[in-house]
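Take a look at the structure set out below.
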Amino acid sequence: MPTAIITGASTGLGRALASDLSAGGWRLVVDARTATELYDAAAPWPRATDIPGDVTSEDHRVELVAAAGDRLDLLVLNASSLGQAPLPPLAEYRLDELRAVLETNTVAPLRLVQLALPALRAAAGAVLAISSDAAVEGYPGWGGYGASKAALEQLVRVLAAEEPGLRAYSVDPGDLRTRMHAAAYPGEDISDRPEPETAVPALRRLIDGGLPSGRYAARDLLAEAGT
Ligand SMILES: NC(=O)c1ccc[n+]([C@@H]2O[C@H](COP(=O)([O-])OP(=O)(O)OC[C@H]3O[C@@H](n4cnc5c(N)ncnc54)[C@H](OP(=O)(O)O)[C@@H]3O)[C@@H](O)[C@H]2O)c1
Numbered sequence: 259m260p261t262a263i264i265t266g267a268s269t270g271l272g273r274a275l276a277s278d279l280s281a282g283g284w285r286l287v288v289d290a291r292t293a294t295e296l297y298d299a300a301a302p303w304p305r306a307t308d309i310p311g312d313v314t315s316e317d318h319r320v321e322l323v324a325a326a327g328d329r330l331d332l333l334v335l336n337a338s339s340l341g342q343a344p345l346p347p348l349a350e351y352r353l354d355e356l357r358a359v360l361e362t363n364t365v366a367p368l369r370l371v372q373l374a375l376p377a378l379r380a381a382a383g384a385v386l387a388i389s390s391d392a393a394v395e396g397y398p399g400w401g402g403y404g405a406s407k408a409a410l411e412q413l414v415r416v417l418a419a420e421e422p423g424l425r426a427y428s429v430d431p432g433d434l435r436t437r438m439h440a441a442a443y444p445g446e447d448i449s450d451r452p453e454p455e456t457a458v459p460a461l462r463r464l465i466d467g468g469l470p471s472g473r474y475a476a477r478d479l480l481a482e483a484g485t
């Protein structure tokens with residue numbers, strides 16, 4: 259039975275992917291900071307270990323990786339911080355806020371990879387980092403979050419070169435109707451954005467398929483699959 263760690267699985271894209279993998283027979287180790295939401299989300303997943311906590315905590319990261327055991331097929335780096343909202347221009351970006359965004363979106367994912375590497379190597383597993391188009395585009399207001407995702411993508415690129423026995427992906431899931439997206443566009447109607455479930459088949463192409471390590475966009479993967 260394949261095993262995955264998915265951070266930020268209580269809602270949004272993480273929850274949608276966890277539901278899909280659980281239905282496919284995967285064993286899951288999942289987290290989120292809000293325990294009640296995590297327990298509710300994980301209740302229908304029969305082989306899930308739910309561990310509430312913050313990915314910026316070293317104790318929590320160690321606990322997550324230990325719960326996965328000696329073999330880990332998939333590490334999904336999904337939990338993420340938007341940072342200051344409403345999104346400020348760089349001229350007004352608070353440096354303490356930038357450090358916090360980098361800690362959650364870049365430092366914590368690298369540390370999870372470091373801790374999980376022995377188990378990932380044992381399973382010839384995959385690392386899937388959820389990124390964003392803000393990593394490569396210069397959208398006003400998205401400088402802090404975008405920089406953290408750009409750095410995350412570069413870590414994944416180098417990881418792929420250093421660990422040829424693994425697959426290492428970063429993926430832009432596209433705009434999705436989630437809590438984070440609503441926070442980025444306060445007061446805006448985001449009901450035209452697709453549900454997070456719509457991006458899951460693209461993530462499954464990376465998880466299940468033999469695609470080489472690299473950066474992917476969900477819309478391209480979905481178009482290639484004709485979905
Ligand atoms: N939605 C979009 O349009 C969009 C576009 C591009 C990329 N993305 C990326 O897609 C991924 C999922 O985002 P989403 O839109 O699904 O967000 P979401 O609905 O806000 O879900 C975020 C999840 O991560 C958890 N989380 C946040 N900070 C955490 C932390 N420090 N430690 C542990 N868990 C934490 C949240 O639970 P708690 O708050 O309880 O911790 C929640 O389970 C993120 O990497 C995001 O950057 C989203």
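Taking our numbering, I'd label the letters of the sequence shown as residues 259 to 485. We put the CB at the ideal spot given by N, CA and C, even for glycine. From a predicted model like this one, the values you see are computed outputs, not experimental measurements.
Sequence-distant residues of its chain with Cβ nearer than 6 Å to residue i (five each side left out)
{"i": "A299", "result": "S268 and R273"}
{"i": "G311", "result": "D289 and H318"}
{"i": "W284", "result": "P260 and A262"}
From the options, residue whose alpha carbon lies closest to that of residue i
{"i": "R357", "options": "G283, G401 and A381", "result": "G401"}
{"i": "T314", "options": "A349, N363, S277 and Y351", "result": "N363"}
{"i": "A387", "options": "P367, A405, L375 and Q372", "result": "P367"}
{"i": "V394", "options": "S406, V385 and G383", "result": "S406"}
{"i": "G383", "options": "Q342, L417 and P431", "result": "L417"}
{"i": "P344", "options": "R462, M438, R473 and M259", "result": "M438"}
{"i": "G484", "options": "A337, P304, P346 and R463", "result": "R463"}
{"i": "V359", "options": "S338, G266 and G472", "result": "S338"}
{"i": "E482", "options": "L424, G472, I465 and A460", "result": "A460"}
{"i": "A276", "options": "A306, V429 and D430", "result": "A306"}
{"i": "A290", "options": "D278, A281, P304 and G270", "result": "G270"}
{"i": "Y474", "options": "A442, E411, D447 and R435", "result": "E411"}
{"i": "D278", "options": "D331, E455, T294 and R369", "result": "E455"}
{"i": "G432", "options": "D447, P310 and P452", "result": "P452"}
{"i": "P444", "options": "V287, D391, Q342 and L333", "result": "Q342"}
{"i": "L469", "options": "A426, V320 and A441", "result": "A426"}
{"i": "R369", "options": "R285, Y297, E446 and L322", "result": "L322"}
{"i": "E420", "options": "G472, E316 and L480", "result": "G472"}
{"i": "G399", "options": "V429, E361, R352 and S428", "result": "R352"}
{"i": "L567", "options": "E446, L296 and L286", "result": "It is not possible to answer for residue 567, since the shown part of the chain is limited to 259 through 485."}
{"i": "V365", "options": "Y397, V414 and T436", "result": "V414"}
Counterpart residues of residue i in DSSP-defined beta bridges
{"i": "T307", "result": "V287"}
{"i": "S425", "result": "As written in the sequence, residue 425 is Arg, which differs from the Ser given in the question. DSSP lists A384 as partners of R425."}
{"i": "D430", "result": "A475"}
{"i": "L332", "result": "A262 and A384"}
Counted within 10 angstroms of its Cβ, other Cβ atoms place residue i as buried (16 or more) or exposed
{"i": "P347", "result": "exposed"}
{"i": "G423", "result": "exposed"}
{"i": "T292", "result": "exposed"}
{"i": "L340", "result": "buried"}
{"i": "S280", "result": "buried"}
{"i": "G404", "result": "buried"}
{"i": "D308", "result": "buried"}
{"i": "A392", "result": "buried"}
{"i": "D430", "result": "buried"}
Sequence-distant residues of its chain with Cβ nearer than 7 Å to residue i (five each side left out)
{"i": "E350", "result": "none"}
{"i": "L330", "result": "T261, I263, A374, A377, L378, A381 and G383"}
{"i": "E361", "result": "T314"}
{"i": "Y297", "result": "D308"}
{"i": "A457", "result": "L271, P431, G432, L434 and A476"}
{"i": "L442", "result": "It should be noted that the sequence gives Ala, not Leu, for residue 442. Excluding positions up to five away in sequence, the list reads L340, A343 and L345."}
Distance cut-off 6 Å: residue i Cβ against heavy atoms of ligand 3
{"i": "M438", "result": "Ligand 3 is not part of this structure, which contains only ligand 1."}
Cβ-based neighbour list, residue i, same chain, cut-off 8 Å, excluding 5 preceding and 5 following
{"i": "G327", "result": "T261 and A377"}
{"i": "V320", "result": "L373"}
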